[in-house]
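If you read the sequence shown in UniProt numbering, its first letter stands for residue 1, the second for the next number, and so on. Cβ coordinates follow ideal geometry from the N, Cα and C atoms, glycine included. Computed from a predicted model, the values in this text were never measured in an experiment.
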Amino acid sequence: MMNDGKIGLALGGGAVLGAAHVGVLRALDELDIKVSMLSGTSIGSFIAALHAFGKTWQEIRDVTLELDWFDLSGPVLSQYGLLSNRKFGRVVHELLGRKNIEDAPIPLAMVAANVSTGRKVVIRSGDVAAGVMASTCIPGLFRPVEQNGSMLVDGMLLENVPVSPLFELGIHPLICVDLLARHTFTKPDSIIGLLLNSFYAAITNVASVQTGMADLCIAPDLGAFNLIDTDQIPEIIEAGYRDALKALSAFRENASFLA
1 MMNDGKIGLA
11 LGGGAVLGAA
21 HVGVLRALDE
31 LDIKVSMLSG
41 TSIGSFIAAL
51 HAFGKTWQEI
61 RDVTLELDWF
71 DLSGPVLSQY
81 GLLSNRKFGR
91 VVHELLGRKN
101 IEDAPIPLAM
111 VAANVSTGRK
121 VVIRSGDVAA
131 GVMASTCIPG
141 LFRPVEQNGS
151 MLVDGMLLEN
161 VPVSPLFELG
171 IHPLICVDLL
181 ARHTFTKPDS
191 IIGLLLNSFY
201 AAITNVASVQ
211 TGMADLCIAP
221 DLGAFNLIDT
231 DQIPEIIEAG
241 YRDALKALSA
251 FRENASFLA
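Laid out in structure tokens, this is it:
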């Protein structure tokens with residue numbers, strides 16, 4: 001099935017590097033390229049959810065600049081994780097209200113991993129905050145999100161660049177953003193950095209298989225930034241914008257349906 005002209009945008013995971021997605025949205029806006037469907041994994045699901053419910057790139061930029069990225073979770077000791085990301089859910093509710101994914105003006109899908117079965121879960125309905133919480137739930141750090149008897153954690157484990165939810169629907173053209181393609185890992189200096197480096201190092205080698213299904217893969221040059229330094233968010237946004245504008249402009253020249 002083909003849906004020519006219905007542009008899909010898949011936003012990948014990458015912790016604080018996810019601020020680059022804001023720059024991508026800015027480039028799309030300036031080029032007047034309208035997105036018809038969104039998918040997101042991890043921080044990509046957070047950005048995708050905000051945009052799907054009508055938040056502009058400027059509004060999302062302000063959120064990323066004001067957000068206390070690593071004070072989103074209240075301590076909750078459990079056998080599965082030290083923290084709960086319930087505060088993350090409250091942030092989404094505050095920004096969007098209590099919304100269901102299926103009611104988004106731009107259709108939205110979010111990827112999580114079901115650690116009860118080892119399978120990928122594509123979330124297309126239900127409470128949007130719960131979906132974001134599941135897709136961003138770093139295993140070992142955050143307590144898994146329980147839904148319908150299953151335990152859901154960060155979708156980065158199985159599909160960090162969530163191309164397949166759009167590809168399987170025949171969305172075309174399909175644009176994805178891979179935050180880690182040009183990332184340079186550095187020695188972690190915290191437990192959060194250690195966990196993120198470990199997970200993302202393990203998945204970077206398979207990301208090319210996922211992004212290969214896209215018509216365009218935007219890979220911002222984020223080598224100068226680490227996964228948890230929030231002080232660099234303005235520069236990360238600018239890097240995402242600069243590289244996305246270049247990639248999208250070149251792609252549009254060769255794709256009449258983007259003109």
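* Round the Cβ separation of Ala207 and Ala181 to the nearest angstrom and send it over; I've been treating them as touching at under 8 Å. => The sequence position of residue 207 within the sequence shown is 207, counting from 1. The sequence position of residue 181 within the sequence shown is 181, counting from 1. Right, their Cβ atoms sit about 7 Å apart.
* Would you call Val132 buried or exposed, if buried means 16 or more other Cβ atoms sit within 10 Å of its Cβ? -> For this step, residue 132 is matched to residue 132 along the sequence shown. Val132 comes out buried.
* To do: Please classify Ala134: is it buried, with 16 or more other beta-carbons within 10 angstroms of its beta-carbon, or exposed?
  => Counting from one through the sequence shown, the residue named residue 134 turns up at place 134. Classification for Ala134: buried.
* Would DSSP call Pro144 helix, strand or coil? -> Counting from 1 along the sequence shown, the entry for residue 144 is found at position 144. The answer is coil: DSSP assigns Pro144 none of H, G, I, E or B.
* Ordered along the chain, which non-local residues of its own chain (more than five positions away) have a Cβ less than 7 Å from that of Arg26? -> The count along the sequence shown starts at 1 and reaches residue 26 at position 26. These residues qualify, in order along the chain: Trp57, Tyr241.
* Asked: With DSSP run on the structure shown, which of helix, strand or coil describes Ile191?
  -> Within the sequence shown, residue 191 is the residue found at index 191, counting from 1. Reduced to three states, the DSSP call for Ile191 is helix.
* Residue interval of the alpha helix (DSSP H) (run including Val121) -> Against the sequence shown, residue 121 aligns to sequence position 121. Run containing Val121: none in the alpha helix (DSSP H); it sits in the beta strand (DSSP E), 119–123.
* Asked: Below 8 Å, can you find three or more Cβ-Cβ pairs linking the stretch 226–240 to the stretch 191–202?
  -> yes
* Asked: Should Val209 be labelled buried (16 or more other beta-carbon atoms within 10 Å of its own) or exposed?
  -> For the purposes of this step, residue 209 is taken as the residue at position 209 of the sequence shown. That one is exposed.
* Asked: By Cβ distance, which residues of its chain are closer than 6 Å to Ser78, with the 5 residues on each side in sequence left out?
  -> The count along the sequence shown starts at 1 and reaches residue 78 at position 78. Reliability fails at Ser78, whose pLDDT of 48 lies under 50, so the model's placement of it is uncertain and no value is given.
* Got a sec: is the Cβ-Cβ distance from Leu11 to anything in chain D below 9 Å? -> You won't find chain D in this structure, because it holds only one protein chain.
* Three-state secondary structure (DSSP) of Ala109 -> In the sequence shown, residue 109 corresponds to position 109, counting from 1. Strand at Ala109.
* DSSP-derived helix/strand/coil call for Asn114 -> Reading the sequence shown from its first residue, position 114 is the one you call residue 114. DSSP places Asn114 in strand when its eight states are reduced to three.
* Asked: Buried or exposed: Asp243, going by 16 or more other Cβ atoms within 10 Å of its Cβ?
  -> As a working mapping, residue 243 is identified with position 243 in the sequence shown. Classification of Asp243: buried, given that the 10 Å Cβ count is 16 or more.
* State the start and end residues of the unbroken alpha helix (DSSP H) segment that holds Pro234. => Taking the sequence shown and counting its residues from 1, the one referred to as residue 234 is at position 234. Where Pro234 is concerned, the enclosing alpha helix (DSSP H) stretches over 233–253.
* Whole-angstrom Cβ separation of Pro220 and Gly40, contact assumed at under 8 Å? -> Numbered from 1 along the sequence shown, position 220 holds the residue referred to as residue 220. Numbered from 1 along the sequence shown, position 40 holds the residue referred to as residue 40. About 16 Å separates the two Cβ atoms, so there is no contact after all.
* **Whole beta strand (DSSP E) elements within the stretch 34–72, 3-residue minimum** => 37–41
* To do: Rank Val121, Thr186, Asp68, Val128 by C-alpha distance to the C-alpha of His51 and give the top, closest one.
  => Taking the first residue of the sequence shown as position 1, residue 51 is located at position 51. For His51, the nearest C-alpha among the options comes from Val128.
* Answer yes if the stretch 147–159 comes into contact with the stretch 28–38, meaning at least three C-beta pairs across the two stretches below 8 Å, and no otherwise. => no
* **When Cys217, Pro107, Ile218, Leu222 are compared against Thr184, the one with the closest alpha-carbon** => Here residue 184 corresponds to residue number 184 of the sequence shown, with the count starting at 1. If we check each option's Cα against that of Thr184, Leu222 comes out closest.
* **Member of Ala112, Lys187, Ile203 whose CA lies at the smallest distance from the CA of Gly155** => By 1-based counting over the sequence shown, the position of residue 155 is 155. Selected option, being the one with the closest Cα: Ala112.
* Asked: Hey, would you say Leu65 sits closer than 9 Å to Ile233, going by beta carbons?
  -> On the sequence shown, position 65 is the one that residue 65 refers to. On the sequence shown, position 233 is the one that residue 233 refers to. Yes, Cβ-Cβ distance for Leu65 and Ile233 is below 9 Å.
* For Ile236, which option in Gly23, Gly13, Ile7, Leu9 has the closest C-alpha, if you only look at C-alpha atoms? -> On the sequence shown, position 236 is the one that residue 236 refers to. Minimum Cα distance to Ile236 is reached at Gly23.
* Please say whether Leu174 and Ala201 have beta carbons closer to each other than 9 Å? => By 1-based counting over the sequence shown, the position of residue 201 is 201. By 1-based counting over the sequence shown, the position of residue 174 is 174. Contact: no.
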